[in-house]
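Below: one structure, written as structure tokens.
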Amino acid sequence: MPELPEVETILRGLTPVMSGGLIEKAEVNRHDLRWPLPERMAHQLTGQRITRLHRRSKFILAELSSNKTLLIHLGMSGRLSVSYNTSSSSTMHFISKKHDHVLLHLDSGKTVTYNDPRRFGMMDLCSTSAITQHKLLLNLGPEPFDEQFNIEYLTRILKDKRSPIKNVLLNQKIIAGLGNIYVCETLFRACIHPKREGAQISRRRITRLVPIIKEVLQDAINAGGSSLRDYRQTNGELGYFQHAFDVYGREGKKCRRFHCAGTIKRITQSGRSSFFCSKCQR
Numbered sequence: 052m053p054e055l056p057e058v059e060t061i062l063r064g065l066t067p068v069m070s071g072g073l074i075e076k077a078e079v080n081r082h083d084l085r086w087p088l089p090e091r092m093a094h095q096l097t098g099q100r101i102t103r104l105h106r107r108s109k110f111i112l113a114e115l116s117s118n119k120t121l122l123i124h125l126g127m128s129g130r131l132s133v134s135y136n137t138s139s140s141s142t143m144h145f146i147s148k149k150h151d152h153v154l155l156h157l158d159s160g161k162t163v164t165y166n167d168p169r170r171f172g173m174m175d176l177c178s179t180s181a182i183t184q185h186k187l188l189l190n191l192g193p194e195p196f197d198e199q200f201n202i203e204y205l206t207r208i209l210k211d212k213r214s215p216i217k218n219v220l221l222n223q224k225i226i227a228g229l230g231n232i233y234v235c236e237t238l239f240r241a242c243i244h245p246k247r248e249g250a251q252i253s254r255r256r257i258t259r260l261v262p263i264i265k266e267v268l269q270d271a272i273n274a275g276g277s278s279l280r281d282y283r284q285t286n287g288e289l290g291y292f293q294h295a296f297d298v299y300g301r302e303g304k305k306c307r308r309f310h311c312a313g314t315i316k317r318i319t320q321s322g323r324s325s326f327f328c329s330k331c332q333r
């Protein structure tokens, strides 16, 4: 599932195309994805101008001139791509490919297509003034790049946590958008074992952990995210951060840390694979 760096990369690809654009025609080719789509969704989107495009956690939010916001989550296999229309909007013949479930034809002559073979993604329309109260956004924690996500905040959160630090960092109510891949990579850079209890993390280690979280995410964004299965950028290109993984997916291989003779191991925590160095992460 795309994590924060992948969603941020997609957002940056969509912004110059969608922001300020008019949706001349919206096509909705099925009534549901993971959940039912809003009633008359194509009608509600057609003729609306996109006034703002932004991200919250792993969701893309498109604010519309109707004072509604289109909420998008890509799920396991969802993709948003940008293409050029081959003829003028007045004579265009709209043809959808299999799994192209939602298409937004813009006044610029470009089309934004949502394709999702497994249909685990979702879309919803909500009043812009009430978007923070949407059930999927209501209980999200601070963004990793927000000022409120800082050493004092994480120290307070971890003080009484008996859960493994890996589980704590994956909790979206504590930190929004941080997923399995980047938690594994973060804990490696911070030399913290994924099974260590949150309350056992010292203040000194928390002081290092917070900037490392931001660093790992920024490195991944700079690389266009990580392409493991279905993820691609809006122009169809793959992300490249997977080539820089220190631990994720490297089970049985040698640790890349200088002077460390450890081996990368894999364990399962809450149904997810955790990769870590058996020697330098404690």
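Mapping of the sequence shown onto our numbering: position 201 corresponds to residue 252, and the numbering continues sequentially without gaps.
Glycine included, every Cβ here is placed at the ideal spot set by N, Cα and C.
What separation, rounded to the nearest whole angstrom, lies between the Cα atoms of residue i and residue j?
i, j, result
"ARG213", "VAL261", "19 Å"
"ASN190", "SER108", "11 Å"
"GLY300", "ARG85", "28 Å"
"LYS304", "ARG317", "11 Å"
"VAL219", "GLY98", "43 Å"
"LEU65", "ILE111", "10 Å"
"ASP151", "ILE61", "17 Å"
"ILE123", "SER329", "39 Å"
"THR241", "LEU205", "Looking at the sequence itself, residue 241 is Ala, so the reference to Thr does not match. Rounded to whole angstroms, ALA241 to LEU205 spans 14 Å at the Cα level."
"HIS105", "ARG254", "33 Å"
"THR179", "SER70", "16 Å"
"LEU279", "GLN95", "For LEU279, the predicted structure reports a pLDDT of 47, less than 50, and the residue's modelled location is therefore unreliable. A value from the coordinates is still provided. If I take the Cα positions, the gap works out to 35 Å."
"TYR135", "ASP211", "54 Å"
"PRO245", "PHE327", "7 Å"
"PHE171", "PRO53", "12 Å"
"SER321", "CYS306", "24 Å"
"ILE315", "PRO56", "24 Å"
"THR258", "ILE264", "11 Å"
"PRO193", "MET173", "22 Å"
"PHE239", "LEU125", "28 Å"
"LEU187", "ASP175", "10 Å"
"SER139", "LYS148", "Since pLDDT at SER139 reaches only 41, below the 50 mark, its modelled position is unreliable, and the value read off the structure follows with that caveat. So the alpha carbons of these two residues sit roughly 20 Å apart."
"SER117", "GLU90", "16 Å"
"GLU302", "LEU209", "28 Å"
"LYS222", "GLN184", "Per the sequence shown, the amino acid found at residue 222 is Asn instead of Lys. Going by the C-alpha atoms only, they are around 19 Å apart."
"GLU75", "ARG100", "9 Å"
"ARG42", "ILE243", "Since the first residue shown for the chain is 52 and the last is 333, residue 42 is missing from the structure and cannot be characterised."
"ARG103", "CYS331", "45 Å"
In the DSSP assignment, find the unbroken beta strand (DSSP E) run with residue i in it and report its ends.
i, result
"GLU114", "110 to 115"
"LEU96", "Premise fails: LEU96 lies in the alpha helix (DSSP H), 92 to 96, not in any beta strand (DSSP E)."
"THR102", "101 to 107"
"LEU155", "151 to 157"
"ARG130", "130 to 135"
"ARG317", "315 to 320"
"ILE123", "119 to 124"
"ASN166", "161 to 166"
"LEU176", "173 to 178"
Among the options, which has the Cα closest to the Cα of residue i?
i, options, result
"SER325", "ARG308, ASP297, THR162", "ASP297"
"LEU73", "ASP158, ASN222, PRO67", "ASP158"
"HIS82", "PHE196, LEU115, VAL153", "VAL153"
"VAL58", "ASN273, GLY322, ALA77", "ASN273"
"CYS177", "LYS76, MET92, PHE171", "MET92"
"ALA181", "THR120, ARG256, PRO89", "THR120"
"SER128", "LYS161, LYS149, ARG169, LEU187", "ARG169"
"THR162", "PHE196, LYS186, PHE239, VAL68", "VAL68"
"LEU115", "ARG308, LEU88, LEU155, GLY275", "LEU155"
"TYR233", "ALA295, HIS185, SER132", "ALA295"
"VAL79", "PHE309, TYR165, ALA312", "TYR165"
"PRO215", "ASP167, GLY275, LEU88, THR319", "THR319"
May I ask which residues mark the beginning and end of the alpha helix (DSSP H) holding residue i?
i, result
"PHE327", "Note, PHE327: premise wrong, no alpha helix (DSSP H); beta strand (DSSP E) at 323 to 328."
"THR206", "202 to 209"
"ARG233", "According to the sequence shown, residue 233 is Tyr rather than Arg. First-last of the alpha helix (DSSP H) with TYR233: 231 to 240."
"ASN273", "254 to 273"
"VAL298", "Counting along the chain, VAL298 falls outside any alpha helix (DSSP H), and DSSP gives it neither H nor E."
"ILE226", "Run containing ILE226: none; DSSP gives neither H nor E here."
(message) With three or more C-beta pairs closer than 8 Å as the rule, is the region 188 to 205 touching the region 220 to 238?
(response) Touching, per the Cβ criterion.
(message) Restricting to runs no shorter than 3 residues, where is the beta strand (DSSP E) found entirely within the region 57 to 94?
(response) 74 to 79
(message) Check whether the region 246 to 257 and the region 267 to 276 are in contact - that is, three or more C-beta pairs closer than 8 Å.
(response) no
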